[in-house]
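Take a look at the structure set out below.
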Amino acid sequence: MSTIYWKPFLRQRLPLRIKFLHSFLPRRSIPSISSYGRQFHISNCRNNETASPLASEIPEKPNFKVTVDRDLPDVQSRTPRLVVYYTVFFSVMAVISLGFFNYERQQSPIVSSTLYSVRRSPAARDLLGTNIRFKDAFPWISGSLDFLHGNVDLSYKIIGSANVPATLHFRSIRRAKGEPFEMLAWELIAEDGRRVDLTVEDERPLINDEAGDSLLGK
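Residue numbers for the sequence shown follow the UniProt record's numbering, beginning at 1 and rising by one.
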């Protein structure tokens, strides 16, 4: 058969074959904008459901019991303890200050002069014996040593070889500036009550000024 006669035959048979094959192929539709919107909304809802579960679905934290093997620190107020510490501190400082001032009095020239005069007094030796000295290793000098205002009033305990403790008392004043000191009391008082007046004796303590001159009159 010639080609002239084949062409009408092909034109009739070829569309039938195309239709037959097209019936077996899957049909695909062109998605519209609304279908895209629905798909995005559904996928977004699914993501939200998986990302943020409900509060009831959140697992609760387990409750652990904590035990402490050591004692808890003391939380009491520290005020009473601080009061005790400060009281002890200031008490010790007061005792040290008093000891310092007493040492200054002990080293005063008038104390050394009165002790020297008692050692040379015959009446004092008759009462106390020889080797007259302070009764204690750290004697306490009581009274006032105010040379600036002219008032000297001191007393301290002494003892001798007779082992008779006694208190030495000396008092002297200066009535006006520039005048010599006037001795008012100069005596020994034993613990048994005996008294010895030393003002009648020639041996007297010396109260010197800064130049070393005696300022004690009769």
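C-beta atoms are modelled at their ideal positions from N, C-alpha and C, and glycine is treated no differently.
- If you keep only unbroken beta strand (DSSP E) runs of at least 3 residues inside the segment 125-151, you get 142-146.
- One alpha carbon belongs to I141, the other to D202, and they sit about 25 Å apart.
- Where R171 is concerned, the enclosing beta strand (DSSP E) starts and stops at 166-173.
- Cβ-Cβ distances below 7 Å link V196 to A123, A124, L127, E187, L188 in the same chain, with the five nearest sequence neighbours on each side left out; the list follows chain order.
- DSSP, reduced to helix, strand and coil, places R194 outside both helices and strands of the structure shown, so it counts as coil.
- In this structure R120 is exposed. Its beta-carbon is surrounded by fewer than 16 other beta-carbon atoms within 10 angstroms.
- Using a Cβ-Cβ distance cut-off of 8 Å, the segment 174-184 and the segment 155-162 are not in contact, since fewer than three pairs of beta carbons, one from each stretch, lie closer than that value.
- Here DSSP, grouped into helix, strand and coil, assigns L188 to strand.
- Shown here, E104 sits in a helix according to DSSP, grouped into three states.
- In the three-state reduction of the DSSP assignment, S161 falls in the coil class, being assigned neither a helical nor a strand state.
- The beta carbons of R133 and V152 sit no closer together than 8 Å.
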